[in-house]
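In terms of numbering that gives the first Met the number 0, the sequence shown is residues 0 to 313. Quick reminder that beta carbons are idealized off the backbone N, C-alpha and C, glycines included. Remarks on the structure that follows.
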Amino acid sequence: MTNLTIEQSQNAVALAAKQMTQDLAEAHEAMGMIKAFSFVEKLLTVGTLKILRELKISKKYKGLSYIDQDGKVLTVGSWEQYCKACGLSVNKVDEDLQNLNAFGENFLEESQRLGLGYRDLRKLRKLPEEARAEIVEADYSETADKEDLIEKIEELTVKHAKEKESLEAQLKTAKDNYTAQARVLDNKNKRIDQLDAELEKKKQYINTLTPDEKGGVLRKETSQLVYGAEAILRGQVWKAFATLDAHTEESGIDHKQFMTGVLAEIELVINELRTTFNLPQFADGDNTPAWARGNETPDYSDAFNAIINGEEQE
């Protein structure tokens, strides 16, 4: 069992070494091919880019030894070093690979045939997917014109820039609105906290008072609220009624029923307060409810008799 395990381990090491040798051989072969093509072609072909993409993903170039222009033996340890060994700029290769991934093989070949530059392809990459697809998936014939394609890219670029500007403006407006709402909400919460604190202090203060003192404080607070309501009625509501009345004089449109309805709403609230708290009709010192007072009429007979008899009233 032990001998078999050792044998398996040896086989695994041999297989790994063989695989490593194959990987390095592929990387070396690709390097030679790329160097050969670079003497003829200014641009990397789609086929060459596909090989480079596979090498970049698999990292088969790691550990590859080569002789540079100065006759030194160097070992490749990174993608940038491999590109340099092939006589290529890593930035240029990576941008070509970006174009291959973004546009696909067919359009990249068409772009090379038509002579599109890196600047045009960068603009095309920045377009939204739908706009980019409109160009990439188009059917290009042998008579396709480079200038027409560049013009189309420029047109979509300007359109996208305007849409982006509009969206950014909307986003800024929404952000400003959110900030303003957050500020209002924060101020509101602070005000609520302040009122809660004041209310708590007031409660603690009231708890230290005698019943008479406490009653006086409560009446004062109620009076302040009522004065506020009265000020609204005598001020804002009165002014509104005066405006309606003036409009009636000018136009002949009668607002009396509407104004009466407004007063009815106010009276309804007053009657609800009176009913809810079982309050008398008048503040005359008599707490007997109105319904219990009956229809009693004050007796004025003595006063009348005194007047008739010429007697002085006290």
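- Counted as a single uninterrupted DSSP element, the beta strand (DSSP E) harbouring residue 64 occupies residues 64–66.
- For the pair residue 83 and residue 23, the Cα-to-Cα distance works out to about 16 angstroms.
- Around the C-beta of residue 33, 16 or more other C-beta atoms lie within 10 Å, and the residue is accordingly described as buried.
- Counting every other CB atom within 10 Å of its CB across the protein chains shown gives residue 29 a total of 16 or more, marking it as buried.
- Only residues of its own chain outside the window of five on either side were considered, and among them 64 have a CB closer than 6 angstroms to the CB of residue 74, listed in chain order.
- Counting only runs of 4+ residues, the alpha helix (DSSP H) found wholly inside the region 123–209 occupies 128–135 and 145–206, in chain order.
- Between the C-alpha atoms of residue 119 and residue 69 there is a straight-line separation of about 37 angstroms.
- Collapsing the DSSP output to three states places residue 74 in a strand.
- A contact is defined here as three or more CB-CB pairs under 8 angstroms, and the region 156–166 meets this definition with respect to the region 122–135.
- Here the alpha carbon of residue 218 sits roughly 11 angstroms from the alpha carbon of residue 211.
- Here the alpha carbons of residue 236 and residue 246 stand approximately 15 angstroms from one another.
- Looking at the backbone, the Cα of residue 147 and that of residue 185 are separated by about 56 angstroms.
- Of 252, 44, 49 and 205, the smallest CA-CA separation from residue 108 is found for 44.
- Cβ neighbours of residue 27 within its own chain (closer than 8 angstroms, five residues either side excluded): 63 and 65.
- A direct Cα-to-Cα measurement between residue 274 and residue 214 gives close to 22 angstroms.
- Inter-residue distance for residue 192 and residue 200 is about 12 angstroms (C-alpha atoms, whole angstroms).
- Linking residue 57 to residue 50 through their CA atoms gives a straight-line distance of about 11 angstroms.
- Residue 106 is a Cβ neighbour of residue 135, given a cutoff of 8 angstroms.
- Spanning the alpha carbons of residue 149 and residue 110 requires a straight line of approximately 10 angstroms.
- Distances from the CA of residue 85 to each of 272, 162 and 54 were compared; the closest alpha carbon is that of 54.
- Each residue's CA atom was taken as its position, placing residue 163 and residue 112 some 31 angstroms apart.
- Cβ atoms of residue 170 and residue 96 stay farther apart than 8 angstroms, at about 32 angstroms.
- By the CB criterion at 8 angstroms, residue 208 and residue 216 fall inside the cutoff.
- In this structure, the straight-line span from the alpha carbon of residue 90 to that of residue 103 is close to 19 angstroms.
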